[in-house]
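Novice: Residue numbers (our numbering), protein chains in the order written: chain A, 2 to 405; chain B, 2 to 405.
Glycine included, each C-beta is placed from N, C-alpha and C at the ideal position.
First the structure, then my questions, so here it is.
There are 2 protein chains.
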Amino acid sequence: MALIVMKFGGSSVANAERVMNVARIVTDSYAEGNDVVVVVSAQGDTTDDLIEKAREINPNANKRELDMLMTAGEQISISLLSMAIEKLGYKATSLLGWQAGFNTNSVHGSARIKKIDTSRIKQELAKKNIVVVAGFQGLNKYDDLTTLGRGGSDTSAVAIAAAMHADRCKIYTDVDGVYTADPRKVKRAIKLNEITYDEMLELATLGAQVLNNRSVEMAKKYNVVIEVLSSLERLPGTLVKESVKMEKMLVRGVTADKNVARISIIGVPNIPGIAFKIFGKLAAKNINVDIILQSVGRNDTKDITFTISSDKSNEALEVLKELDFLEGRPIECDDQNVAKVSVVGAGMETHPGVAAKMFEALFEADINIQMISTSEIKISVLIDKKDADAAVTAVHDAFMPEDN
Amino acid sequence: MALIVMKFGGSSVANAERVMNVARIVTDSYAEGNDVVVVVSAQGDTTDDLIEKAREINPNANKRELDMLMTAGEQISISLLSMAIEKLGYKATSLLGWQAGFNTNSVHGSARIKKIDTSRIKQELAKKNIVVVAGFQGLNKYDDLTTLGRGGSDTSAVAIAAAMHADRCKIYTDVDGVYTADPRKVKRAIKLNEITYDEMLELATLGAQVLNNRSVEMAKKYNVVIEVLSSLERLPGTLVKESVKMEKMLVRGVTADKNVARISIIGVPNIPGIAFKIFGKLAAKNINVDIILQSVGRNDTKDITFTISSDKSNEALEVLKELDFLEGRPIECDDQNVAKVSVVGAGMETHPGVAAKMFEALFEADINIQMISTSEIKISVLIDKKDADAAVTAVHDAFMPEDN
Chain A
2 MALIVMKFGG SSVANAERVM NVARIVTDSY AEGNDVVVVV SAQGDTTDDL
52 IEKAREINPN ANKRELDMLM TAGEQISISL LSMAIEKLGY KATSLLGWQA
102 GFNTNSVHGS ARIKKIDTSR IKQELAKKNI VVVAGFQGLN KYDDLTTLGR
152 GGSDTSAVAI AAAMHADRCK IYTDVDGVYT ADPRKVKRAI KLNEITYDEM
202 LELATLGAQV LNNRSVEMAK KYNVVIEVLS SLERLPGTLV KESVKMEKML
252 VRGVTADKNV ARISIIGVPN IPGIAFKIFG KLAAKNINVD IILQSVGRND
302 TKDITFTISS DKSNEALEVL KELDFLEGRP IECDDQNVAK VSVVGAGMET
352 HPGVAAKMFE ALFEADINIQ MISTSEIKIS VLIDKKDADA AVTAVHDAFM
402 PEDN
Chain B
2 MALIVMKFGG SSVANAERVM NVARIVTDSY AEGNDVVVVV SAQGDTTDDL
52 IEKAREINPN ANKRELDMLM TAGEQISISL LSMAIEKLGY KATSLLGWQA
102 GFNTNSVHGS ARIKKIDTSR IKQELAKKNI VVVAGFQGLN KYDDLTTLGR
152 GGSDTSAVAI AAAMHADRCK IYTDVDGVYT ADPRKVKRAI KLNEITYDEM
202 LELATLGAQV LNNRSVEMAK KYNVVIEVLS SLERLPGTLV KESVKMEKML
252 VRGVTADKNV ARISIIGVPN IPGIAFKIFG KLAAKNINVD IILQSVGRND
302 TKDITFTISS DKSNEALEVL KELDFLEGRP IECDDQNVAK VSVVGAGMET
352 HPGVAAKMFE ALFEADINIQ MISTSEIKIS VLIDKKDADA AVTAVHDAFM
402 PEDN
């Protein structure tokens, strides 16, 4: 008998029919002799509907009250899923985040899990119940409800799997696994059987949007094997784990991130500590800087160019304006015309030819590279946004074996 | 400085505009220097919408899961009201039933309050917060959410007022007080300034539908002064309290209950214990019998006639069918054509002419009386349902002073 943790997102439980579909997946696994803990998000658009209700009344509502409001969403979906499971003849108990033992810190809207007290879950499993847990939510030390932030239900599922040493954490989504590129855009994209945590982290950051990053970090830390699979088709998905069999491919995935802004500060004084001050201030505002390029400018000055997520560009410009040592220096911001294309693969650590091959593919597709950034398992280039899709296909097809 | 407990029902918080209206009532009272605890129900049709969601998935959902589902309704309304209060520039904290300290027994769907631990409410009041509490809900000893049953928010409000020795418990509804009769039907109906708990209890039972009965019982037990008033108009309401000034009126209210069924069992053996067996079985099924009439029949038998709420008539007939000593006896049930008209007033205890005056008024209106039942402060008659409205007007006008 194995312990399986499953997680279903909002679209998987969007209506009565989908809830019944999830109940069938869950009870099939239980009927095979497994202990099953299911984590669910709020139904379909519930979260957005609730946010809209709040906005109508108070657009600047405080975050404690927003958490109180939001957490009603999963409360509805866990009770409905339990009813669906019972309709199929199995026993189920729904548990809110706090009932399932989720203790978090007090950062409303993006709380961190501090501890999970799994005693209630274990007690319900011992009674042969299928346990349905509200994702995304917990309780702080003041007994106030908190939420883990967007995508938090993935984290809830992995956290339970880690705390209970589950045999498998199955994350059900509306895609059937992790692909080498977006299959809607790249014809030759193929589904991966396995991928490492580090590769998945790079892909998640790069906008592959399959798994929430915090959940992958937690899975890596506690060595939880995740399976990403579809709630609509009964097919094996992609395993995310520590190490994987080397396949023919050097590269695990190619992604495009169009949500990028490039900011340039021209003529910064060429004295030590300037870069530290700039990026320190940005970090203090939780603005993640991605690619950084520094070039020698005229008259003993330098130009600093960096990229950030485009939805942070206004905030970043505010921060830069407040830096008095930059006063008067021209700041350029382009959050409309750039995109970042990346290849990810643990194999490239030992294969130095990857970067060259990527650049060659882009050159042959007549695509200009504006900036370059590399990590041990990733190479990213900043290019014109209009070339992004063509770049992904060109790079992907250069790396993927012909016969796929 | 006084401590005021307020309660607003679902229609008072049905949309953003109404929520803002409630926030203004609440903050006006706070601005006058009061400590304010507000109890709210789920918005408008939320409860019915949630029940419909459940029904689609599992019409026989278990009550624990239904409670989990339902309680999301007040969670939404308390957070929205808190946001509205903050929008007006005041501090508010929303508390779920369990956070507000409501401990109940484990009867899901109609739990009883066992204890209220008011420490969190007091702590929030001490911080100068307006405290917004989810009505209708609590927590049992297994840490599972429970609900108090329909109308439970009234009970929540009175319970807090009792536990905290509040100076006033204001129940806001869509009527502006308690009337001597339904003002939509009886032209000369007048609003009462005051009414006793006992009179209110009789009126509530009789279908006046202003206050939930359990809340009045609790108010009587703990001597909580309730004020019933409108959330839409700023007018004084009706006070419900232990004793009231005698006004000109002997009678406090006249009501019609059209939700009545009359059941007759013809030719019951005239031996001791038969009535006990019949009504004992009905009581065991939670079927409340109202008026009972027993008459001597033919051949040493008797006929027993009684009234119950018409929505219980099928259930009652099932119970009677199972009684073997009734086998073969004809059972007649009329749940379509009868209504009960009642007059209520603490004054009638010392004024024996009330019954005679009521019967005279009905006689003069040419209305036939089928059954009669009296208590110390109430006289009820069973009549033809088509005469109900005319009977209420006739009886009401006979008792009310001419100049009103």
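When the Cα atoms are used, what is the spatial distance from asparagine 405(B) to arginine 189(B)?
Specialist: Bear in mind that the predicted position of asparagine 405(B) carries a pLDDT of just 43, short of 50, making it unreliable; the figure below should be weighed with that in mind. Approximately 7 Å, taken between the alpha carbons.
Novice: Please tell me whether asparagine 338(A) has its Cβ less than 8 Å away from any Cβ of chain B.
Specialist: no
Novice: Less than 8 Å separating the beta-carbons of threonine 308(B) and alanine 262(B)?
Specialist: In this structure, alanine 262(B) lies closer than 8 Å to threonine 308(B) by Cβ.
Novice: Taking the alpha-carbon of threonine 147(B) as reference, which of Glu87(B), Ala73(B), Lys286(B) has the nearest alpha-carbon?
Specialist: Ala73(B)
Novice: Look up alanine 15(A) in the DSSP assignment and say whether it is helix, strand or coil.
Specialist: coil
Novice: Can you name the residues of chain B whose CB is closer than 9 Å to the CB of glutamate 316(A)?
Specialist: Result: empty, since nearest Cβ-Cβ is about 24 Å, beyond 9 Å.
Novice: How would you write the range of the alpha helix (DSSP H) that aspartate 49(A) sits in, first residue to last?
Specialist: 47-58
Novice: Tell me whether aspartate 118(B) is buried or exposed, calling it buried when 16 or more other Cβ atoms sit within 10 Å of its Cβ.
Specialist: exposed
Novice: So which residues on chain B does glutamine 100(A) lean against when the C-beta distance must stay under 7 Å?
Specialist: In chain order: Asp144.
Novice: Measuring only the C-alpha atoms, how far is glycine 90(A) from asparagine 130(A)?
Specialist: Cα atoms of glycine 90(A) and asparagine 130(A): separation of roughly 11 Å, rounded to the nearest angstrom.
Novice: Ignoring anything shorter than 4 residues, give me the alpha helix (DSSP H) runs that lie fully in the stretch 146-194 of chain A, in order along the chain.
Specialist: 153-164
Novice: Per the DSSP calculation, serine 296(A) is bridged to which residue(s)?
Specialist: Asp304(A)
Novice: Examine chain A for any beta-carbon lying closer than 8 Å to the beta-carbon of methionine 219(B), and answer yes or no.
Specialist: no
Novice: Quick check on asparagine 405(A) - is its C-beta less than 8 Å from some C-beta in chain B?
Specialist: Any answer about asparagine 405(A) is weak, because its pLDDT of 43 lies below 50 and its placement is not dependable; what the coordinates show is given next. Answer no: the Cβ-Cβ gap between asparagine 405(A) and chain B never drops below 8 Å.
Novice: Taking only the alpha-carbon atoms, compute the straight-line gap between methionine 201(A) and valine 241(A) and give it to the nearest angstrom.
Specialist: 7 Å
Novice: Please state the DSSP three-state secondary structure of threonine 206(B).
Specialist: helix
Novice: I want to see whether chain A comes within less than 8 Å of glutamate 319(B), judged by CB atoms only; does it?
Specialist: no
Novice: Let me know if arginine 56(B) comes out buried or exposed under the rule of 16 or more other beta-carbons within 10 Å of its beta-carbon.
Specialist: exposed
Novice: Roughly how many angstroms separate the alpha carbons of isoleucine 332(A) and alanine 284(A), rounded to a whole number?
Specialist: 18 Å
Novice: Using 8 Å as the limit for Cβ to Cβ distance, is glutamine 76(B) near chain A?
Specialist: Yes, its Cβ sits closer than 8 Å to a Cβ of chain A.
Novice: Closer than 8 Å, CB to CB, is isoleucine 79(B) near chain A or not?
Specialist: yes
Novice: Of all Cβ atoms in chain A, is any one closer than 8 Å to the Cβ of leucine 51(B)?
Specialist: yes
Novice: Taking the straight line between their C-alpha atoms, what separation do you get for alanine 366(A) and alanine 391(A)?
Specialist: Going by the C-alpha atoms only, they are around 8 Å apart.
Novice: Asparagine 63(A) touches chain B at which residues, Cβ-Cβ below 7 Å?
Specialist: Ordered by position in chain B, the residues that pass the 7 Å Cβ test against asparagine 63(A) are Glu87.
Novice: With a cut-off of 8 Å on the beta carbons, I'd call asparagine 214(B) and alanine 205(B) a contact; round off their distance for me.
Specialist: Rounded to whole angstroms, the Cβ separation of asparagine 214(B) and alanine 205(B) is 5 Å, and the two are in contact under 8 Å.
Novice: At a Cβ threshold of 8 Å, is glutamate 57(B) touching chain A?
Specialist: yes
Novice: If the cut is a Cβ gap below 8 Å, which residues of chain A does lysine 417(B) touch?
Specialist: The structure shown has nothing for residue 417(B), since chain B only spans 2 to 405.
Novice: Can proline 60(A) be considered in contact with the ligand ATP, in the sense that its beta carbon sits closer than 7 Å to one or more heavy atoms?
Specialist: Because no ligand of any kind appears in the structure shown, any question about the ligand ATP cannot be addressed here.
Novice: Whole angstroms is fine: what's the gap from leucine 327(A)'s alpha carbon to isoleucine 266(A)'s?
Specialist: 8 Å
Novice: Please confirm if methionine 84(B) has its CB atom under 8 Å from at least one CB of chain A.
Specialist: yes
Novice: Hey, how far is the Cα of aspartate 304(A) from the Cα of glycine 45(B)?
Specialist: 60 Å
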